[in-house]
Amino acid sequence: MSTSTTLGETRPEWARRQERERRHRRAKSRLRLPSAVAAACWAVLLLWWAAVYPAFTGDAPEPGAPLYAAAVRALHTGPAVLVQTAAAAFALGYLVAALAHFGVRGRYSGPVALALAGLPPTASLVVSATPEAVATVAALLLTGAGLRLLARRAEGTLAQGGPAQRLDLAVLTAAVCALALTGTRGAGTALVAVAVLLLFLPGARVRLALLTVLALAVPIALGLLGHPAARGGDLHPLRAADLARAQYRAAAPLDPALTAVAPPADWAAAGADCSATAALTDRWNPAAARRAETELADAWRQLLRDHPDRVLDARLCRGRIAWAVWAADGGPHAATGVPGPAAGSRGLWHPLHAAASWSRTLLRAPQLDRLLWRGALWAYLGLAAAVLHAWRHRIRALVPVAGAAVLGVQLALTASAADQDYRTMGAALFLGPLLLTLATVRTRRPA
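Last residue of the sequence shown: 429 in this note's numbering, with the numbers rising by one and none dropped.
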């Protein structure tokens, strides 16, 4: 029996009762901030949900994420988006609680979370029936869980377990599963993020690895049970766009099957406007493209073998949304993509709907593009704040753990971005401002 246990048993009953009461008050105080933030954020998001009911965008679920589309069809669009608002509010409160472990006061992180719930770029994403909304919420949860586990590692309590740690591991598992349900890009994001966490959370590696395998097995099992991903996914237009970029850089005779898809001039023009696959798919013959799928795949494999630099050039051009602070100048598809409302988005009360539409239109001023609609700027600002905090408090692992989810998104977009849709970097739009509050911490204080 340990000395501390012996002393605890020999203390008077009134002393032990006071200690239990202190622990209870401390636990309640720690729950007060995230609960208040989550409740306030949900109230704001409910206003947005009522303003754009049943969803701002996404009346027809996207085919690239068949499991998400099946979930939306099962719940119907309005209730599915309502669930997303609750999940987003919980994620914001959870991340605020995680930042509190590193000394961030609620007076800073709370208003930032509330602003993110109310600003049109972020709020309209949450109330859209699109897999990017789920991927963004999952990235928030994954980052929050990683930060809380890192805080326990810094305190030396990571190996002790406990209810709070079990909650963090459950949240992380749910986040990985949700990312995988959004499609191949989400699964890639999850794998990159978890790989980073495995490197910098050595005390929880076995549990993280097992839970990640379990989480990724869920969408695979669902696919085998009747919801398979669309054959080929987005590879067909992505590879064709790579070929178009290569044709623009170095014109060469095209296979007759490919010229049946689109004339050589259209291939070259699509290569010049390389920011989106639509630059080619809007020009080609869809029926001919389906017939030439094998020839397209063979030509792309040969291009990858002989000129991998041209494939990388095309992917980096489309992945500019992940890394560039401002949009490119050339081509009609180079601007930041901001989808408009769906035809069925009428809201539950017309004045509320009109106010939401007006505010979103107001913030589409070109001067605000890089500040409000491009996540790359906020990714860098949040990372800089994490670097500053890590330097001040000598927590080297903070930078990779805080940036794991955004890095996963950026790498996944580099590999598979189809356009410049701002929603694909929604994780950075949320995480960047919240991580920026780390810069307010000068002296470490207990959470």
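Glycine residues also receive a C-beta, built at the ideal position from the N, C-alpha and C atoms.
Since the model is a prediction, treat every value here as computed from it, not as a measurement.
With fewer than 16 other Cβ atoms inside 10 Å of its own Cβ, His58 counts as exposed. Sorting Glu277, Ala18, Leu107 and Val34 by C-alpha distance to the C-alpha of Phe72 places Ala18 at the top. In the DSSP assignment, Asp403 is bridged to Gly319. For Val94, the enclosing alpha helix (DSSP H) starts and ends at Gly88 to Gly100. As summarised for the region 330 to 418, the continuous alpha helix (DSSP H) elements at least 4 residues long and confined to that stretch are 332 to 344, 357 to 375, 380 to 398 and 408 to 418, given in chain order. By the criterion of a C-beta distance shorter than 6 Å, Leu262 is surrounded in its chain by Ala222, Ala223, Ala226 and Ala252, once the five residues flanking it on both sides are discounted. Pairing Ala368 with Ala386 gives a Cβ-Cβ distance that is not under 7 Å. Within the same chain, Ala37, Phe38, Thr39 and Gly40 come within 6 Å of Ser110 by CB-CB distance, once the 5 residues on both sides are set aside. Nearest Cα to Ser341 within the set Ala47, Pro48 and Gly100: Gly100. For Ala247, the uninterrupted alpha helix (DSSP H) run begins and ends at Pro246 to Ala254, by DSSP. Minimum Cα-Cα distance from Arg187 among the listed residues Arg135, Ala234 and Ala160 corresponds to Arg135. With respect to the C-alpha of Arg352, the residue from Ala336, Gly319, Gly170 and Ala379 having the closest C-alpha is Gly319. Non-local beta-carbon contacts of Thr112 in its own chain, meaning distances under 7 Å to residues more than five positions away in sequence, involve Thr39, Gly40, Glu44 and Arg405 in chain order. By the CB criterion at 7 Å, Phe182 and Ala379 fall inside the cutoff. Under the rule that a run must span 3 or more residues, no beta strand (DSSP E) segment is found entirely inside the region 177 to 238. The C-beta distance from Gly75 to Cys23 rounds to 7 Å, short enough to meet the 8 Å contact threshold. DSSP, read as helix, strand or coil, puts Arg273 in helix. Boundaries for Leu140: no alpha helix (DSSP H) harbours it, and the DSSP string shows neither H nor E there. By the Cβ test, the region 416 to 426 is in contact with the region 353 to 373, since at least three Cβ pairs between them sit closer than 8 Å.
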